[in-house]
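In our numbering, the protein residues as written are 1389 to 1606. The beta-carbon is built from N, C-alpha and C at its ideal position, and this holds for glycine as well. Only a predicted model underlies this, so the values are computations on that prediction, with no experimental measurement involved.
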Amino acid sequence: MLQVLYTDEHLVAVAKPANLLCVPGLCSDENLFDQVRTLYPNARIVHRLDMATSGIVLFPLSHASQKNLGHQFERRQIHKRYAALVKHEVQSNSGEISLPMICDWPNRPKQKVDWHIGKPAHTIFRVVERRPFASLLHLIPITGRSHQLRVHCLALGHPILGDALYDPDTQEERLMLHAELLELNHPITGKKLSIYCPAPFSFADLKSASNLVSSAAI
């Protein structure tokens, strides 16, 4: 069932479940955009989340709204915050990750860090809570490279739990990454909007907790 977080005549924000495409794709006909259009026939696309990632997705309901939101995304005027459960205990309370990225063509859709021809990629992280086996982070992407948060966490030695693409040994059934906060200017009125959707996972949901505790203690 579609979870609507905010709506007016110009814009609708919905919560995308994990493992659902944002738009029609080769791997599945089921997608969020078609679900939204059953209720909002004028819905248009302005941004996306990875199929594996859950969280807030905006759909403008007019050309003017789409154009304005597109400009806000391009100019990095929309503040985005993700919640992520990552492997092991992150020692630093906060930090910045600046690692250039490029597509790993032989292994696509994987992306990778490349200091020679990679495009700039910048992420801010803050530790919200720690366990000996995992950490809950807030991740703020400054740039918007494909798989940026997943690759940056992996490069730190703390892959996001449930990320079967970058951590094939994971035991979790879903990627523990969720777009939980978007702050923007309303595309028509200019009013500040803050849209929040809490993460649908916690430490208690980790199937691999016992194994992670054992490996962290070694």
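Element boundaries [alpha helix (DSSP H), containing GLN1454]: Secondary structure note for GLN1454: its alpha helix (DSSP H) is the uninterrupted segment 1451 to 1462.
Classification of ALA1401 by the beta-carbon crowding that lies within 10 angstroms, buried from 16 upward: ALA1401 comes out buried.
Local conformation of LEU1553 per DSSP, three classes: DSSP places LEU1553 outside both helix and strand once states are collapsed to three, so it counts as coil.
Selection from GLN1536, LYS1500, PHE1521, GLU1517 that minimises the alpha carbon distance to HIS1510: When only C-alpha atoms are compared, the closest one is GLN1536.
Beta-carbon proximity check, LEU1525 vs ALA1471, cutoff 9 angstroms: Between LEU1525 and ALA1471, the C-beta spacing is below 9 angstroms.
PRO1494 versus TRP1503 - alpha carbon distance: Using only the alpha carbons, I get a separation of about 18 angstroms.
Reduced DSSP secondary structure (H/G/I, E/B, other) of ASN1419: ASN1419 falls in the strand class under three-state DSSP.
Spatial distance of VAL1424 from ILE1583 (CA atoms): C-alpha separation (whole angstroms): 17 angstroms.
The stretch 1476 to 1484 / the stretch 1418 to 1436 touching (three or more Cβ pairs under 8 angstroms): Contact fails: fewer than three Cβ-Cβ distances are below 8 angstroms.
Three-state class that DSSP yields for PHE1591 in the structure shown: Helix, per DSSP.
HIS1510 CB to nearest heavy atom of the ligand SAH below 8 angstroms: Summarising the ligand content, the structure contains no ligands, and the ligand SAH is consequently not present.
Span of the alpha helix (DSSP H) around CYS1541: Element bounds for CYS1541: 1536 to 1543.
Cβ distance (whole Å) where PRO1508 is taken to contact THR1531 below 8 angstroms: About 6 angstroms; that satisfies the 8 angstroms criterion.
DSSP-derived helix/strand/coil call for ARG1562: In the structure shown, ARG1562 sits in coil (DSSP, three-state: anything other than H, G, I, E or B).
Residue range of the beta strand (DSSP E) that includes THR1395: Counting along the chain, the beta strand (DSSP E) containing THR1395 begins and ends at 1391 to 1395.
Per-residue burial, PRO1586 [other beta carbons within 10 Å of its own, 16 or more giving buried]: With fewer than 16 neighbouring CB atoms inside 10 Å of its own CB, PRO1586 falls in the exposed class.
Three-state secondary structure assigned by DSSP to ASN1573: ASN1573 sits in a strand when the DSSP states are folded into three classes.
LYS1595, buried or exposed, once every other Cβ within 10 Å from all chains shown has been counted against 16: Classification of LYS1595: exposed, given that the 10 Å Cβ count is below 16.
Contact set for PHE1591: own chain, Cβ-Cβ below 8 angstroms, skip 5 residues either direction: Excluding five sequence positions before and after PHE1591, the CB atoms of its chain that fall closer than 8 angstroms to its own CB belong to LEU1473, GLU1517, ARG1519, ALA1522, LEU1524, ALA1597, given in chain order.
Helix, strand or coil at ARG1425 according to DSSP, with G and I counted as helix: DSSP places ARG1425 in helix when its eight states are reduced to three.
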